[in-house]
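S.K.: Got a structure here, written out as structure tokens. Questions coming.
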Amino acid sequence: MLGAARAAARAIRLALVQDNIYAAQKALGAYQGPSRLPLTALVHGTIRTRRPMGAAIAVESHLENEKTLRVQTLEAYVTSLASTEPQIIPAETAHTPVTTALTVLAAARRSRQQQRTTHMYDAAIRACLLQGELLTGSLLFVLLVRDWQNRHRDTPAAPPDPPPDPTPIAPSPLQKWNRSFPTSFTSPIPPEAPTPPFPSPHLLEAIVTALDLRPRPHPQTTHDLPPGRPPDSILALAHLTRLFTDQALPFSRHAALLNALARTPSTVDKVESYFHGVLRQTCRYPPLMDTRAYNVLINYSLTVVRRPAWAQKLVDHMSIVRKPPVRITETTRAIIARGEAKLREPGLAARILSHIDARGHSTRLPTNSAPPAPPPTPVHNLSDLPRDPHLLAAHVHNLTSLGTPVQVLHLVNTLLPNLHIPPTDVNPRNQHTLRRLLELGPTVLTSLLNALCKSGKTGLAERVHRFSVLAEQISPSFGLPLAFHTTILQLYAREARKGLVVIEPKPSPFTPPHKAKAIVDAGSLLSPTPGLARSIVDGWGYDVPTPGGRTRRGIKRWALARSAAAHIYLTYIRPRLPLPTHAQPQYQPDTRLYNSLFDVFGRRPNMLLRTHLSYIARARDKRHKGKSGAPKQADAFVQVLVKDMVDVGMQDEVPGGWSHFIPINRATFDYSARNVLETADRIRNPVVPSGRWRARETRLRTRFRSNQRAALWRRLVPQRKQTQFLQILKYEREKSQRRLSHHIANLAKSFRRDLAEGQKALDREIHLNRVDEYREHIHVRREEKKKTRKELRRARIEMQRAIAQFELGMKDDKSRKQRVRKRWFVAQDKAKRLEELKLKAGQYFEVRLGKGRTISRRRLDSSSTTAIIPRKPSAHRKLVKNKKRTAPSTRKIAPMSRKAKTGRSAKLAPAGQKHRKSAAVRL
């Protein structure tokens, strides 16, 4: 049997030497003995020839048949499959070497005799991470932890009491997307299988390091995923978080995982609230962890959640409650000191570390926050200062944030001697200073420069910056951060602003309000104030290269600040930006950098003050080709800055005031005729759009603790500055109410503006479809008068016709009396109808005299001056008046016209008509 195994192994080796993998596989298939020597020869040969896929089927079938391989052989084979060297990936990725490695590991896990090692899982997980399979790598680690937990599970104990009033945690993203989670009962290993390898902490740290947790402007950027689904990094982090919450991790190195939870970016479905809920629960009820994990939680409590009580509880837990306790390192002290400065709460660090002082240990925090007043003789010796660079930087930052940056001046003289020597080149005089700079490091230098800038020491800050740049040129490993250069640029921006002043000339009715203010040089005023009279550079800027190539003592502040800022940006910052022409960028620019540059180059003498222009002013500017309003001519350096912002990918952050300087992208430009003409018109007649003149900065604003700041300032500043501080304090207290009133006023303005626009639209609509009401009224009255006159004319004619018929009947004696009586009644009705029409037309009105008598009077027009002529009473009323003189009779008497009465006056009337002769009808 052994001879056959050796012969098969020899044949396999010979076939692999001849590069004939098929012959080697055929020789292995021909051997049917129990020895694993031929398979071992095939595995070793494929590893040496870098063709491990040739033995994949044989190894998998060998493990499935309850057989084993040597641990070193299987480990080397899995490592070769998960190699990070360049590989030719076929079009079908279902049979890649990484997939084969996972299949072999799964077969080894199901085996009852095969031993696995941590190195196998390390190689497989790192290969998955290299291929971008974050979920696969995280699930492989979770499965390893669950196997270890299932094998080393203790006897079940009674569940602990729930904490009082627990804060509910948001649901995990795994529950929403129904992701299967490996547990101890998911695909369990055989009971008689060997002990699974220990899940090493460096596997967890490797997975967390590979997660992409950078904040994105648009969280959902993967188009092949369903809407709202979290990325693979979030799901992988959720799997690892589940292990942490279940307390299944068999180690205490949780710092990498907790740090990843703290910097989880925002997503569409707000799944980051679940991770922050886990962190808050851990801060309130911390498990057993190492020092780095405690430091992460303390930093989260002080900087993110802003709960000093949680930080104090964590410090007590790590030094008193925990058995055995862990040591509070210098990093912990630096984090607490930095948190004290960020919260603006003096005495916080001393209060948190008070139990250490009670035990006789020194806090080694030389801050002025522990005593109620600053010490009379502060100690600034090198032996008393903290040796750790981060702790020293936190101490300097603490002094600056608590309002005492002047104390940093003594530290600068102690830490950096011989700053009076010009930093031109390396010479024996400044070697000691350069050596001290290299020892301190970039973090401490950035804190020192920030303190010097805030204390107004421009000359000293310039020397620290020059020496640091010279040290960076000497040692390539000594790299200054971008914040170091940004701080000195902000200082130059303040100096440039001091050299310029805003003037307000006497208002004139012929000058628009937005042209009333202008920016001029402070030295050009006839009678400047003592503060503005110092517009000449004094004490700094002697080694700044000016455009003329030489330095003058009488140079203006704003001019020298512009030259220095341009020199720093073009020499130390721009060559390291990720521009298309730069191969190895070192800096990632932010909005603070470009805001400081806009502050320097955005203002110049003899320019109008930028104000918010209304749409009316902008329309006027467009009509007058930009003759008024904001300045259309800007500094040429601003165009360079805007172009650099576009090149580094910050086009969306370009302020609206400078957006007209954004260059045209020829690749995506719309070359339609209309767009080309509009673009050419904008280039010829640039009108500055409405918007901000600075980029928006996303910084965390600290809460204003008025009581602690007021108590500190009473002891540190004179009486004159106390009044100023109280004014600032009152301003800060009223800020919320003032912001609310401004918001209400803006809402009222917008409402009035919308109302005015709606009224204008309604007026335009009415103007288009309007009706002249006065003209219509006059036309209606005229038509009514015409109608009335027509009716009156018709009634008068009918009355005259009726009277004429009555008179004819009276003349004809043959006509019957009944017909005459009927005609008389008709004439009387026509006369009444005419009276009613005249009253209705308004030409006459009745005046009641009493006893049934009325007088009809004619209405006077505005142009008429005739007197009112009273009407004669009707015959019927006259008959009623003379009732006493005549005998009562039931017979009605018909009236007689005046014409008929005069015509027949000579004739004798019949006896039956005596009463009718006395009646008359007035036409």
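In UniProt numbering, the protein residues as written are 1 to 923. Glycine included, C-beta positions come from ideal geometry on N, C-alpha and C.
(1) Counting Cβ pairs closer than 8 Å, one from the stretch 284-292 and one from the stretch 314-327, do we hit at least three?
(2) Got a sec, what are the start and stop residues for the alpha helix (DSSP H) residue 924 sits in?
(3) Evaluate the contact criterion for the stretch 390-408 versus the stretch 446-463: three or more CB pairs, one atom per stretch, below 8 Å.
(4) Can you grab the Cα-Cα spacing for the pair Ser-369 / Thr-282, in whole Å?
(5) May I ask you to report which of helix, strand or coil DSSP gives Ile-47?
(6) CA-CA distance, Asp-212 and Thr-264?
(7) Would you tell me roughly how many angstroms separate the C-alpha atoms of Asn-232 and Tyr-274, rounded to the nearest one?
(8) Tell me Ile-519's beta-bridge partners as DSSP assigns them.
(9) First and last residue of the alpha helix (DSSP H) that includes Val-638?
(10) In the DSSP assignment, the alpha helix (DSSP H) including Phe-244 goes from what residue to what residue?
(11) Thinking C-beta only, is Ala-206 closer than 8 Å to Arg-126?
(12) With burial defined as no fewer than 16 other Cβ atoms inside 10 Å of the residue's Cβ, what is the status of Glu-773: buried or exposed?
(13) With DSSP collapsed to three states, give me the class of Lys-838.
(14) Which residues in the same chain have their Cβ closer than 6 Å to the Cβ of Ile-421, if we skip the five residues on either side of it in sequence?
(15) Please identify the residue among Asn-665, Thr-487, Leu-597 whose C-alpha is closest to the C-alpha of residue 927.
(16) To the nearest angstrom, report how far apart His-410 and Thr-400 are at their CA atoms.
(17) At what residues does the alpha helix (DSSP H) containing Lys-342 begin and finish?
(18) Chain B beta carbons: is any one of them nearer than 8 Å to that of Leu-641?
(19) Taking C-beta to C-beta, are Ala-27 and Ala-8 nearer than 8 Å?
(20) According to the neighbour-count rule (16 or more other Cβ atoms, all chains shown, within 10 Å of its Cβ), is Pro-374 buried or exposed?
(21) What is the rounded straight-line gap between the Cα of Phe-251 and the Cα of Thr-79?
(22) So, is Tyr-285 buried or exposed, given that buried needs 16 or more other C-beta atoms within 10 angstroms?
(23) In the DSSP assignment, find the alpha helix (DSSP H) that holds Met-120 and state where it starts and stops.
(24) Just mark Gly-903 as buried or exposed, buried being the case when its beta carbon has 16 or more other beta carbons within 10 Å.
(25) Is DSSP giving Pro-389 helix, strand or coil here?
(26) Can you give, in chain order, each stretch of the alpha helix (DSSP H) that sits fully within the stretch 438-499 and has at least 4 residues?
(27) Would you decide whether Ala-108 is buried or exposed? Buried here means 16 or more other CB atoms lie within 10 Å of its CB.
(28) To the nearest angstrom, how far is the alpha carbon of Glu-347 from that of Ile-336?
(29) Are the beta-carbon atoms of Val-104 and Glu-60 separated by less than 8 Å?
(30) Work out the CA separation of Arg-436 and Pro-389 for me, nearest whole Å.
(31) According to the Cβ coordinates, are Pro-194 and Gln-312 closer than 8 Å?
(32) Starting from Ile-744, follow the alpha helix (DSSP H) in both directions and report where the run begins and ends.
(33) Once DSSP output is grouped into helix, strand and coil, what is the label at His-582?
(34) Is DSSP giving Ile-298 helix, strand or coil here?
(35) Under the rule that 16 or more other beta-carbon atoms within 10 Å means buried, what is Asp-122, buried or exposed?
M.R.: Let's see:
(1) Flag = yes, the stretch 284-292 and the stretch 314-327 touch.
(2) No answer is possible for residue 924: it lies beyond the span of the chain, which begins at 1 and ends at 923.
(3) The stretch 390-408 vs the stretch 446-463: in contact.
(4) Reliability of the predicted coordinates at Ser-369 is poor, the pLDDT of 40 falling under 50, and no value is obtained from them.
(5) The answer is helix: DSSP assigns Ile-47 an H, G or I state.
(6) Approximately 9 Å, taken between the alpha carbons.
(7) The question names Asn, but residue 232 in the sequence shown is Asp. Their backbone Cα atoms lie some 16 Å apart in a straight line.
(8) Ile-519 is bridged to Val-502, Met-607.
(9) For Val-638, the enclosing alpha helix (DSSP H) covers residues 636-647.
(10) Here the alpha helix (DSSP H) through Phe-244 covers 232-245.
(11) For Arg-126 and Ala-206, yes; Cβs fall inside 8 Å.
(12) By the 16-neighbour rule on beta-carbons within 10 angstroms, Glu-773 is exposed.
(13) Helix at Lys-838.
(14) Once the five neighbours on either side are set aside, the close Cβ partners of Ile-421 are Arg-429, Asn-430.
(15) Because the chain in this structure spans residues 1 to 923, residue 927 falls outside the shown range and cannot be described.
(16) Computed Cα separation, rounded: 13 Å.
(17) Run containing Lys-342: 330-343, per the alpha helix (DSSP H) assignment.
(18) The structure shown contains no chain B, having only a single protein chain.
(19) Between Ala-27 and Ala-8, the CB-CB gap stays under 8 Å.
(20) Low confidence applies to Pro-374: its pLDDT is 39, below 50, so where it sits in the model is not reliable, and the reading given next is rough at best. Classification for Pro-374: exposed.
(21) Approximately 25 Å, taken between the alpha carbons.
(22) Tyr-285 should be labelled exposed.
(23) Its alpha helix (DSSP H) spans residues 118-130.
(24) In this predicted model, Gly-903 has a pLDDT of only 47, less than 50, meaning its place in the structure is not dependable enough to derive any value.
(25) DSSP places Pro-389 within a helical segment (H, G or I) once states are collapsed to three.
(26) Counting only runs of 4 or more, we get 442-454, 458-474, 482-498.
(27) Residue burial is scored here from C-beta neighbours: Ala-108 has at least 16 other C-beta atoms within 10 angstroms and is therefore classed as buried.
(28) Here residue 347 is Gly; the residue named in the question, Glu, does not match the sequence. Computed Cα separation, rounded: 11 Å.
(29) Yes; because the gap between Cβ atoms is below 8 Å, this pair is in contact.
(30) Straight-line measurement puts the Cα of Arg-436 at about 12 Å from the Cα of Pro-389.
(31) No, they are not a contact pair.
(32) 735-768 is the extent of the alpha helix (DSSP H) around Ile-744.
(33) It is coil, neither helix nor strand.
(34) Helix at Ile-298.
(35) By the neighbour-count rule (16 or more Cβ atoms within 10 Å), Asp-122 is buried.
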